[in-house]
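Mapping of the sequence shown onto this note's numbering: residues 2 to 376, in sequence order.
Okay, so here's the structure we're looking at.
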Amino acid sequence: MNQPSKWNRGWGLIRRLWRTPRARALTRLLVALVALCCAAAAAALFISHFVLHGQQPFSWLQASAEYKQMRKVTRNNYSHFVRDLVFRSIVRDWPARPVRLEQWMVAKEPAFFRTLERAGNVTFEIVREPSALFEWKKCLDVCGAYFEKNCSAPINLGDSFRRDVDTTTVTPASATTQVSRRRRIVWLSRGKDDSRRAIVNELDVFDALAASTCCSGGGDDEIEIESFNLSSTSGVDSFSAIEFLQIDASKLEGPPLTKQAEMFSDVDILISLHGAGLSNMLFMPFGSFVVEIMPGAYDKPTYRGLASCLGHRYYRLHTATAAPSLFTRMKYAFDSAADRDRKFRRDAQTRMQANETQELAQVILDEVQLKKRAN
């Protein structure tokens, strides 16, 4: 007669033990403990999500849909946070009263707000959250959704981060001083690996500009240093050669808001494909020049309106060709027809033609000569 195997004997023992009341009670206890651990982990994840983003978990229950929309839009978006929360709040409140912000906004980067206050440009007041001031439609109503309303910036944010260099001493005879600052021309890139919106021959265009009279940093169009009265805060040495700048916030050495404010506080001419990077014009000196390159016929007035609000000159160049990549077509394939068409035009890849590069070089040269005459 065949003897049962070890496996069969073991399985039989388990079945006999399972039939005992003690075994069933122990199993139910283990299942309850596992469920409790899962619930605790989910609760910890939920609370940490709000704490990491400065949101009080229980105040979220009191928030309106428009407030939640604001948090969703600005949570991980540099442009919306600086442009649509901080800057619009300054326009809304200053100088009539301290600028009202919520604690989580300041906690996002305290050094940024301390620098603004320390420079004496603005002061801040913390209000209880969730405040109706920051419902998304109310935020956008300050200056209009596309900055189309007639509003002006009460301060220049870049003044708090700019470091001009005094190159001479003041003499009683002349009662003048010279402050030298190389004027900067910056090409702001979205990145060579951008599979959505990009200029595919970007480096060729940049090299052509760098070799042209407008952006080489020398030649007959170099602006000589001038003398100014003591009340003057800045002077001009010359334009530097055009810079190629690509920002990776994760690799910046220091607080990202502060570092980007410092990087753009002395940029006089900014050229960029349409995108969030143009929000850095917030930190450029008053009267700077912004060139926005639009893919094909796409049209959105946000940065044209913002430039006007900040007191900058603005030029828009539409490229002749633009088409969405396969990645973009797949990403928005299931959107509504109208939304899909808009995103295809916005997130298109373009190849700039020789005549467009020449047009770009000419408008930059015109701006350089304009600043030369002004000084």
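By construction, the Cβ of each residue, glycine as well, lies at the ideal position given by its N, Cα and C atoms.
All figures in this text were calculated on a predicted structure; none of them were measured in a lab.
First through last residue of the beta strand (DSSP E) which encompasses residue i
i	result
T351	A349 to T351
E293	F290 to M295
R101	V100 to E103
Y316	R314 to H319
D269	V268 to L274
L134	It is not in any beta strand (DSSP E) - L134 carries neither H nor E in the DSSP assignment.
Environment of residue i [buried if 16+ CB atoms lie within 10 Å]
i	result
E136	buried
F335	exposed
D269	buried
F328	exposed
S196	exposed
S273	buried
R163	buried
E126	exposed
K138	exposed
N151	exposed
G278	buried
L204	exposed
V377	What the structure shows of the chain is the stretch from 2 to 376, and residue 377 is not part of that stretch, so it cannot be assessed.
Q359	exposed
V291	buried
S153	exposed
P96	exposed
C310	buried
S65	exposed
Where the alpha helix (DSSP H) containing residue i begins and where it ends
i	result
D367	A355 to A375
V74	A66 to T75
S190	Here S190 belongs to no alpha helix (DSSP H); instead the beta strand (DSSP E) covers R185 to S190.
E263	P257 to F265
L246	Element bounds for L246: not the alpha helix (DSSP H) but the beta strand (DSSP E), E244 to Q247.
A308	T303 to L311
DSSP state of residue i mapped onto helix, strand, coil
i	result
V83	helix
F207	helix
W95	coil
R163	coil
P173	Reliability of the predicted coordinates at P173 is poor, the pLDDT of 37 falling under 50, and the value obtained from them is presented with this limitation in mind. Correct three-state label for P173: coil.
N230	With a pLDDT of 27 at N230, under the threshold of 50, the predicted position of this residue should be treated as unreliable, though the coordinate-derived value follows. In the structure shown, N230 sits in a strand (DSSP, three-state: E or B).
A108	helix
V128	strand
F88	helix
A334	coil
A146	coil
P155	coil
F240	strand
A1	Any property of residue 1 remains undetermined from this structure, which presents the chain solely from 2 to 376.
A323	coil
A199	strand
E118	helix
F287	coil
T214	coil
V123	coil
A339	helix
L253	coil
N281	helix
A42	helix
Beta-carbon gap between residue i and residue j smaller than 8 Å
i	j	result
V206	M331	no
I248	A211	no
G121	S266	no
F148	G306	yes
L318	F88	no
E357	T320	yes
S280	V32	no
F245	S190	yes
L253	F113	no
L366	C144	no
T124	P99	yes
R343	R198	no
Q350	A324	yes
S161	L117	yes
Q104	E67	no
Y79	A298	no
R183	S241	yes
V187	L62	no
D94	C140	no
V92	H81	no
Identity of the residue in the options nearest residue i by Cα
i	options	result
G255	A64, E110 and E103	E110
H275	Q370, F287, A262 and D300	D300
G192	R184, R183 and N202	N202
F287	A308, I294 and P296	A308
Chain B contact for residue i (CB, 8 Å cutoff)
i	result
L141	Checking the listed chains, one finds no chain B in this structure; it contains a single protein chain.
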